[in-house]
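S.K.:
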């Protein structure tokens, strides 16, 4: 067997190089702007490039990429999950749209659903069918295609169906994620059958074939939204969930709708504007607050440790305010007040330039835990249409539950709610009434697909990483505002402060010994998380010359590549 047949990752990169070679030939005849994709998996990047080369726009490509990721990254996203899509429609005055495909609590949900004998049982919101909210990604794929795409949904799903049918090789990321969820995956017979090898971790380069998922994708391609939320797929999903003790109903699926929301927009210096995720994401608000506070501080002129101090302190205050936010269809979110210039000036003025602010000295504001493993991609076409999307099933492999005959591993996004608003969850994090479980409600998220746009440039950002998403995106944005190359945006060392617990988390080798001593003397408690985290995908479009540069996080196996397309 040839290396290309044995290793689909090599095949994916080879295909991308062929597309790039074709782009160069076209460019020599007629130079045009380069359509570009950066995603967390080479096969998904190639799916996007293939769709663009076949006449699709950035929105078609986004559907192709998202559905391909659902096949090749079952640990990070999938038809059983949801996410956020930030869209830029090109024109003399660009239009921005935000598609909220966040999962929704089943209609039979209640604030006490994980209580047993008066105590919350965390296991119930993490593993198994009771942990699963109603998925939003399939509805988003149909919605984005019909409203914004050039091609039919069936065409956009071709790469994903092919990957599910023919198979994709198991990579080191897959094995790492599965190892962390092995016990939960073994408990569900169907999940174990599809994603493990006789109950054990697969070997690297083993082929993952998913024929049931291919059939589910084919029904979605043939019938559109109703091919997932009604009919055979819906029947199998509900039957599988209820047989295993879950509470889904056919009405849960029929009534699910994606929601278009107004993107969060926040003016920055030098004619730039942040365009990001509104609630039910708290990430966009945190980014805007952090950038607004930093604008009051000399962060760009500060030496490295001083800069870390400023960034950590603005993050502390932004995360402190997070618990005021929730599902905008259920509560009034005070976004305008949180982003008011006077309020951000007061927050910045409270930062001691030399000392860490103890989180206990701030008024108590609870927070909660989110899964670390989502996925993100960015795409731009030659007309300037662009998408930044962050997708998730929450923990790796979601709830580790797969309804038989569907190939769809379900999310465990119910754990993103505050299961116990009076106490704390299994991770010692307090609950929040704004994010309490309720029938049909969307849980709060940190997912933060974002643009920064000016008359001269468009930069796109995003990453997986649970509660660390805003801090990672902020650090990438600061690299951009410093004028660094896009590869620096994704490769810069990472650190994180989320108010509670009161620690400054960081990747190994982020700080020198001298910096650690300085930060400790300032009052920080440092916590080396013991591994790298995040998987950012970014791009930068120079509007003056049409150049597009993109980068995929070196911590992952992703691919950033471009092609020139003639419509």
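Numbering (mature numbering (1 follows the signal peptide of the UniProt record, and there is no 0)), first residue to last: -29 to -1, 1 to 538.
Note that beta-carbon positions come from the ideal geometry of N, C-alpha and C, so glycine has one too.
1) In terms of alpha-carbon separation, which member of 501, 245, 153, 122 lies closest to residue 25?
2) Any contact between the stretch 240 to 248 and the stretch 421 to 431? By contact I mean 3 or more CB pairs, one from each, below 8 Å.
3) Quick check on residue 83: does DSSP put it in helix, strand or coil?
4) In the DSSP assignment, find the alpha helix (DSSP H) that holds residue 123 and state where it starts and stops.
5) Judging by CA-CA distance, which residue of 79, 276, 38, 148 is the nearest neighbour of residue 385?
6) Do you know how far the Cα of residue 104 is from the Cα of residue 58?
7) With distances taken Cα to Cα, identify the nearest neighbour of residue 34 among 90, 481, 268, 124.
8) If I'm right that residue 164 touches residue 138 with Cβ under 8 Å, what's the distance once you round it to whole angstroms?
9) Apart from the five residues just before and just after residue 64, which ones in its own chain have a Cβ nearer than 6 Å to its Cβ?
10) Under three-state DSSP, which class holds residue 247?
11) To the nearest whole angstrom, what separates the beta carbons of residue 418 and residue 55, a pair I think is in contact under 8 Å?
12) Counting only the same chain and skipping the five closest in sequence on each side, list residues whose C-beta sits under 6 Å from that of residue 281.
13) Taking 8 Å as the threshold (C-beta atoms), are residue 11 and residue 529 in contact?
14) How long is the line joining the alpha carbons of residue 503 and residue 479, rounded to whole angstroms?
15) Alpha helix (DSSP H) containing residue 291: first to last residue?
16) To which residues of the same chain is residue -2 closer than 7 Å at the C-beta, ignoring the five residues directly before and after it?
17) Tell me where the alpha helix (DSSP H) around residue 161 begins and ends.
18) Does the structure place the stretch 521 to 528 close enough to the stretch 453 to 470 that three or more beta carbon pairs sit under 8 Å?
19) Can you give me the Cβ contacts of residue 500 inside the same chain, cut-off strictly under 6 Å, excluding the 5 residues immediately before and after it?
20) Taking the alpha-carbon positions, what's the residue 527 to residue 506 distance?
21) Compute the Euclidean distance between the alpha carbons of residue 13 and residue 72, then round it to the nearest angstrom.
22) Classify residue 45: buried if its beta carbon has 16 or more other beta carbons within 10 angstroms, exposed otherwise.
23) Would the beta-carbon of residue 372 fall within 8 Å of that of residue 159?
24) At 3 residues or longer, and completely inside the stretch 421 to 476: list those beta strand (DSSP E) runs for me, N to C.
25) Could you check if residue 533 is buried or exposed, using at least 16 other CB atoms within 10 Å of its CB as the buried criterion?
26) Run through the stretch 138 to 213 for me and flag every whole alpha helix (DSSP H) of 4 or more residues, listed as ranges in chain order.
27) With H, G and I counted as helix, E and B as strand and the rest as coil, what does DSSP make of residue 351?
28) When the Cα atoms are used, what is the spatial distance from residue 412 to residue 278?
29) In this structure, how does DSSP classify residue 518 when only helix, strand and coil are distinguished?
30) Whose C-beta lies closer than 7 Å to the C-beta of residue 301 among residues of the same chain, with five residues either side of it excluded?
31) Return the CA-CA distance between residue 8 and residue 518, expressed in angstroms with no decimal places.
32) Span of the alpha helix (DSSP H) holding residue 37?
33) Let me make sure I understand the geometry here. Which of 352, 353, 260, 330 has the alpha-carbon closest to that of residue 312?
34) In three-state DSSP terms, what is residue 237?
35) How big is the Cα-Cα spacing for residue 353 and residue 445?
36) Around the Cβ of residue 252, are there at least 16 other Cβ atoms within 10 angstroms (buried) or fewer (exposed)?
M.R.: Well, looking at it:
1) Checking every option, the nearest Cα to that of residue 25 belongs to 122.
2) yes
3) coil
4) Taken as a continuous stretch (DSSP letters only), residue 123 belongs to no alpha helix (DSSP H), as it is neither H nor E.
5) Checked all of 79, 276, 38, 148; the closest Cα to residue 385 is 79.
6) Separation of residue 58 and residue 104 (C-alpha to C-alpha, rounded to the nearest whole angstrom) is 25 Å.
7) When each option's Cα is compared against that of residue 34, the closest is 124.
8) Rounded, the Cβ-Cβ distance is 15 Å, inconsistent with contact.
9) none
10) In the structure shown, residue 247 falls within a strand segment according to DSSP collapsed to helix, strand and coil.
11) 5 Å
12) 268, 270
13) By the CB criterion at 8 Å, residue 529 and residue 11 fall inside the cutoff.
14) It is roughly 7 Å from the alpha-carbon of residue 503 to the alpha-carbon of residue 479.
15) Its alpha helix (DSSP H) spans residues 275 to 291.
16) Low confidence applies here, because residue -2 scores a pLDDT of 27, under 50, leaving its location unreliable; read the following figure in that light. If we look at residue -2 and ignore the five residues flanking it on each side, it has no Cβ neighbours.
17) 160 to 166
18) yes
19) 476
20) Rounded to the nearest angstrom, the two C-alpha atoms are 6 Å apart.
21) 24 Å
22) When all chains shown are included, residue 45 counts as buried.
23) For the pair residue 372 and residue 159, the CB atoms are nearer than the 8 Å cut-off.
24) 421 to 424, 428 to 432
25) buried
26) 143 to 151, 153 to 158, 160 to 166, 182 to 194, 197 to 200
27) The answer is strand: DSSP assigns residue 351 an E or B state.
28) 39 Å
29) It is coil, neither helix nor strand.
30) 409, 412
31) 13 Å
32) 29 to 43
33) 260
34) strand
35) Roughly 27 Å separates the two Cα atoms.
36) buried
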